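A.B. asks: First, the structure itself, so that you have it in front of you.
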Amino acid sequence: MTGPVRLSFGRTRSVCPECLTTIPAERFAVGDTVYLDKTCPTHGRVVTPVWRGLRSYEMWSRSPRATALPVSAAADIAEGCPRDCGLCADHRQQSCCVLIEVTSRCDLVCPVCFASAGRHGVDTPIGDIGLALDKLRDGSGQVHIQLSGGEPTVRDDLPEIVALVRAKGFDFVQLNTNGLRIGREPDYLAALVDAGLDCVFLQFDGVSDAVYKQLRGRNLLAEKRLAIASARAAGVGVVLVPTLVPGVNTGEIGAIVDFAKAEMPTVRAVHFQPVSYFGRNLRAPRDQDRITLPEVIEALIDHADGAIRLEDFRPGSAENPFCSFSGRFAVDRAGRFRSDPEPQSSCCGSPEVEAAVGEGGCCGTTARRSPEVVRAQRYVAGQWATTPEQQAPVAGLEAFDAFLEQQSHRLSLSGMAFQDAWTLDLDRLRQCHIHVAQSDGRVVPFCAYNLTDIGGRSLYREPST
Ligand code: SF4
Ligand code: SF4
920 MTGPVRLSFG RTRSVCPECL TTIPAERFAV GDTVYLDKTC PTHGRVVTPV
970 WRGLRSYEMW SRSPRATALP VSAAADIAEG CPRDCGLCAD HRQQSCCVLI
1020 EVTSRCDLVC PVCFASAGRH GVDTPIGDIG LALDKLRDGS GQVHIQLSGG
1070 EPTVRDDLPE IVALVRAKGF DFVQLNTNGL RIGREPDYLA ALVDAGLDCV
1120 FLQFDGVSDA VYKQLRGRNL LAEKRLAIAS ARAAGVGVVL VPTLVPGVNT
1170 GEIGAIVDFA KAEMPTVRAV HFQPVSYFGR NLRAPRDQDR ITLPEVIEAL
1220 IDHADGAIRL EDFRPGSAEN PFCSFSGRFA VDRAGRFRSD PEPQSSCCGS
1270 PEVEAAVGEG GCCGTTARRS PEVVRAQRYV AGQWATTPEQ QAPVAGLEAF
1320 DAFLEQQSHR LSLSGMAFQD AWTLDLDRLR QCHIHVAQSD GRVVPFCAYN
1370 LTDIGGRSLY REPST
């Protein structure tokens, strides 16, 4: 008798979910599923599915690894990854998007919250945010800023914070939000946009209240619609961000895409995030509790009824290929997709991004910057940012109309698989380009920052209140 064929995809390192000790790990496939296999000398063996789709795994494996050294290394290599963030000299990518946590308060108590935020958190003093931005500018250069939390909109002074980010010279400001306040108070969103906000990253898990009740604790669909209406009125682009949980909303992937199409051009993109197990979401997950990126792609392809193919999606260019996928699509009048990939010729090659970033943008600040990071920033700025009216180049009425027409019919579909203590692959983590700013000037890769062991203990995040 022979067992199932086991195909090795090489060795890496990971951590034990019980104690976070760094341990060797191996990637291997059996059938169509790729697993991460590791054994802690104290707590035993853990095998976790990380990618269900061998064909796409092999395609993503062929993607070039675009690594780069940090602009500056703020931490010494001492205990080893993931305990030396950061960035330490062992990191292999620069900061692209940096989160600033402006508060740990939130107006929801979501069972799947990364941040374990709640009603009794604290706000980061605006002076401390200014100092953190100064250190970030010195240490990391021109990065995209994501205002995050907690729920940033619980702060009345958020417009001042957006203005501060702009005044410190950062070109792109994104708001990560549940959308409750901006839906209720359109003037508040208008003030954020006036202060320089570029994009709303809207938590959007589905098109039925049953999904919100389960994931966020109460019915929220009407409030999500109001948030999008406020964004339309304020002229700011929205990215819908569903957290995908098997058995809860994975059956709504197609319906979310249809919703996004109906809300174009205010909605510019859908960015799917398979659920990860950390923060408040503590338990040893079963294999069926996970959905992997190729399964999301497969659901998108199935829903498009042959109009899009696996080849229309590709791995991210700056992060490790297995962290993400993206595809850009034109939507015709009948609502059918056609692949419309963004140009890859050079970091300055995309006219729509040129229009969004403008003079003095990335091209003026790239001296020590990784071209892949610059390209990723430009893609985000071009596809996710302000609505077409604000992006259009002034080049005659006809060109303007053509530009609007083209932009109004594009939708980007992407996904990112955050890593938890079960799925963590340190090769991936070392190439992370999404970082969280610390008050002392360090930046910590997002998946290291949110990592918790099975008891909820974190390497970097302060215990929640
Ligand atoms: S994640 Fe990067 S910065 Fe953090 S310890 Fe590992 S290599 Fe260093
Ligand atoms: S945040 Fe996590 S999943 Fe995203 S690029 Fe960084 S390591 Fe990869």
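920 is the number of the first residue of the sequence shown in this note's numbering; add one for each residue after it.
Heads up, the beta-carbon is just placed ideally off N, CA and C, and yes, glycines get one too.
If you're wondering where the values come from, they're calculated on a predicted model, not measured in any experiment.
Among Leu1083, Pro1044, Leu1066, Gly1069, which residue has its Cα nearest to the Cα of Asp1053?
C.D. replies: Leu1083
A.B. asks: Just how far apart, CA to CA, sit Pro960 and Asp1372?
C.D. replies: 16 Å
A.B. asks: Which residue spans inside the region 933-989 form an unbroken alpha helix (DSSP H) run of at least 4?
C.D. replies: 973-980
A.B. asks: Relative to the C-alpha of Pro1184, which residue among Thr1162, Ile1220, Ser1195, Ile1147 is closest?
C.D. replies: Ile1147
A.B. asks: What residues in its chain sit with their C-beta under 7 Å from that of Asp1076, if we drop five residues either side in the sequence?
C.D. replies: Closer than 7 Å at the Cβ level, and outside the excluded window around Asp1076, lie Ile1045.
A.B. asks: Taking Gln1192 as part of the beta strand (DSSP E), name the residues at either end of that continuous run.
C.D. replies: 1186-1193
A.B. asks: Can the beta-carbon of Thr1043 be found less than 8 Å from the beta-carbon of Thr1072?
C.D. replies: It is not a contact, given that the beta carbons lie outside the stated cut-off.
A.B. asks: Could you tell me whether any non-hydrogen atom of ligand 1 is closer than 7 Å to the CB of Gly1360?
C.D. replies: no
A.B. asks: Kindly indicate which residue of Val949, Val965, Phe1244, Ile1175 has the alpha-carbon position closest to the one of Pro943.
C.D. replies: It is Val965 whose Cα lies nearest to the Cα of Pro943.
A.B. asks: Do Leu1145 and Leu1121 count as a contact pair if the criterion is CB distance below 8 Å?
C.D. replies: no
A.B. asks: Can you tell me whether DSSP reads Gln1447 as helix, strand or coil?
C.D. replies: Since the first and last residues shown for the chain are 920 and 1384, residue 1447 lies out of range.
A.B. asks: Alpha carbon to alpha carbon, how far is Val1189 from Glu945?
C.D. replies: 32 Å
A.B. asks: On a Cα-Cα basis, can you pick out the residue from Ile1210, Val1017, Gly1098, Arg974 that is closest to Gly1360?
C.D. replies: Selected option, being the one with the closest Cα: Val1017.
A.B. asks: When the Cα of Ala1152 is compared with those of Leu1212, Asp1208, Pro1105, Ser927, which residue comes out closest?
C.D. replies: Pro1105
A.B. asks: Could you tell me the distance, in whole angstroms, from the CA atom of Ile1048 to the CA atom of Ser927?
C.D. replies: 46 Å
A.B. asks: Would you mind sorting Gly1156 into buried or exposed? The rule is 16 or more other CB atoms within 10 Å of its CB.
C.D. replies: buried
A.B. asks: Leaving out the 5 sequence neighbours to the left and right, which residues in its chain are closer than 8 Å to Ser1264 when beta-carbon positions are compared?
C.D. replies: Low local confidence applies: a pLDDT of 37 at Ser1264 is under 50, so the model's placement there is unreliable, and no value is given.
A.B. asks: By Cβ distance, which residues of its chain are closer than 7 Å to Gly1235, with the 5 residues on each side in sequence left out?
C.D. replies: Cys1242, Ser1243, Ser1245, Ala1295
A.B. asks: So what does DSSP say about Thr1371, is it helix, strand or coil?
C.D. replies: strand
A.B. asks: I need the straight-line Cα distance from Leu1066 to Gly1060, nearest angstrom please.
C.D. replies: 17 Å
A.B. asks: Would you mind reading off the limits of the alpha helix (DSSP H) that contains Ile1048?
C.D. replies: 1045-1059
A.B. asks: Should Cys935 be listed as close to ligand 1, given that the test is whether its C-beta is under 7 Å from any heavy atom?
C.D. replies: no
A.B. asks: For Leu1348, which option in Val1130, Ala997, Cys1007 has the closest C-alpha, if you only look at C-alpha atoms?
C.D. replies: Check the Cα spacing between Leu1348 and each of Val1130, Ala997, Cys1007: the tightest is with Cys1007.
A.B. asks: Just to confirm, does Glu1020 get its C-beta within under 7 Å of one of the non-hydrogen atoms of ligand 2?
C.D. replies: No, since every heavy atom of ligand 2 falls outside the 7 Å radius drawn around the Cβ of Glu1020.
A.B. asks: Please classify Ala1181: does DSSP put it in a helix, a strand, or coil?
C.D. replies: helix
A.B. asks: Does DSSP classify Arg1252 as helix, strand or coil?
C.D. replies: In the displayed model, Arg1252 falls within coil according to three-state DSSP, outside both helix and strand.
A.B. asks: Assuming Val1112 is part of the alpha helix (DSSP H), what are its boundary residues?
C.D. replies: 1105-1114
A.B. asks: Could you pull the start and end residues of the beta strand (DSSP E) that Glu1020 belongs to?
C.D. replies: Segment 1016-1020, the beta strand (DSSP E) holding Glu1020.
A.B. asks: At a cut-off of 7 Å, would you count Met1335 as near ligand 2, judging by its Cβ distance to the nearest heavy atom?
C.D. replies: Remark: the shortest separation between the CB of Met1335 and any heavy atom of ligand 2 falls under 7 Å.
A.B. asks: If the criterion is Cβ atoms closer than 8 Å, does the pair Phe1191 and Val1167 meet it?
C.D. replies: no
A.B. asks: Do the region 986-998 and the region 1091-1110 touch if we need at least three Cβ pairs shorter than 8 Å?
C.D. replies: no
A.B. asks: Where DSSP assigns a beta bridge to Gln1093, which residues make up the other side?
C.D. replies: Note: Gln1093 sits in a beta bridge opposite Gln1065, Cys1118.
A.B. asks: Assign Gly922 to one of two classes, buried (16 or more other C-beta atoms within 10 Å of its C-beta) or exposed (fewer than that).
C.D. replies: exposed
A.B. asks: Looking at the structure shown, is Thr1169 part of a helix, part of a strand, or coil, going by DSSP?
C.D. replies: helix
A.B. asks: Grab the span of the beta strand (DSSP E) containing Arg1329 for me, first residue to last.
C.D. replies: Run containing Arg1329: 1329-1335, per the beta strand (DSSP E) assignment.
A.B. asks: Once you ignore the five residues that flank Gly1125 on each side, which residues in its own chain have a CB closer than 6 Å to its CB?
C.D. replies: Asn1168, Glu1171
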